[in-house]
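Residue numbers (this note's numbering): -13 to 130.
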């Protein structure tokens, strides 16, 4: 019976990581950067914005991969690929000569769905912990 608490706690941890990744993605959705060149380095700064050395990279969005762990589950952060989409923003300091910047590949609707699913899974794991607690309390009370 106590094993179910460990499994539920690993589920709680996994859902916490899932919410952390989603919150980070939403918070950084407008964090643009320079478009990487063919050799995967970031391009020089924008000619339009006049900044010759702005080489900041776009935010790398994250997902969470869950794998089986005995007992329970293990959650690890994984990068979303492709990491960026090109976006026209000639006034951005990271824009290249064509006015393009690298914008994080974050789908806000998908992030909201992930948040709702993580919330529901978190609640289900809490219910398991509560039920286990009630069962142990009942078992101990009946033996007295």
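Think of the CB as a built atom: it goes at the ideal place given N, C-alpha and C, for glycine as much as any other residue.
What do you get for residue i, buried or exposed, if any count of 16 or more other CB atoms within 10 angstroms of its CB means buried?
i, result
"residue 48", "buried"
"residue 38", "The predicted model places residue 38 with a pLDDT of 46, which falls under 50 and marks its position as unreliable, so this point remains unresolved."
"residue 78", "buried"
"residue 137", "Limits of the chain in this structure are -13 at one end and 130 at the other, which puts residue 137 out of reach."
"residue 74", "exposed"
"residue 56", "exposed"
"residue 61", "buried"
"residue 110", "exposed"
"residue 24", "exposed"
"residue 113", "exposed"
"residue -6", "buried"
Considering only the alpha carbon of each residue, which of the options lies closest to residue i?
i, options, result
"residue 92", "102, 44, 20", "44"
"residue 67", "109, 89, 77, 81", "89"
"residue 64", "120, 53, 73, 57", "53"
"residue 187", "-7, 82, 112", "Missing from the structure shown is residue 187; the chain here goes from -13 to 130 and no further."
"residue 95", "6, 15, -6", "15"
"residue 76", "69, 70, 84", "84"
"residue 42", "125, 111, 80, -7", "80"
"residue 70", "46, 116, 112, 120", "46"
"residue -11", "5, 127, 59, 128", "59"
Reducing DSSP to helix, strand and coil, say where residue i ends up.
i, result
"residue 115", "helix"
"residue 87", "strand"
"residue 46", "coil"
"residue 80", "coil"
"residue 123", "helix"
"residue 93", "coil"
"residue 41", "coil"
"residue 53", "strand"
"residue 58", "coil"
"residue 2", "helix"
Compute the beta-carbon to beta-carbon distance between residue i and residue j, rounded to the nearest angstrom, for a pair I have assumed lies under 8 Å.
i, j, result
"residue -9", "residue 101", "Actually they do not touch by this definition, with Cβ atoms about 25 Å apart."
"residue 97", "residue -4", "Going by Cβ atoms, the distance from residue 97 to residue -4 rounds to 23 Å, so no, they are not a contact pair."
"residue 86", "residue 12", "Between residue 12 and residue 86 the Cβ distance is about 23 Å, and since that is not below 8 Å, they are no contact."
Shorter than 8 Å from the beta carbon of residue i to some beta carbon of chain C?
i, result
"residue 46", "Reference to chain C is not applicable here, since this structure consists of a single protein chain."
Do the stretch -1 to 7 and the stretch 102 to 111 make contact, defined as three or more Cβ pairs closer than 8 Å?
With the rule of 3 Cβ pairs closer than 8 Å, the stretch -1 to 7 counts as touching the stretch 102 to 111.
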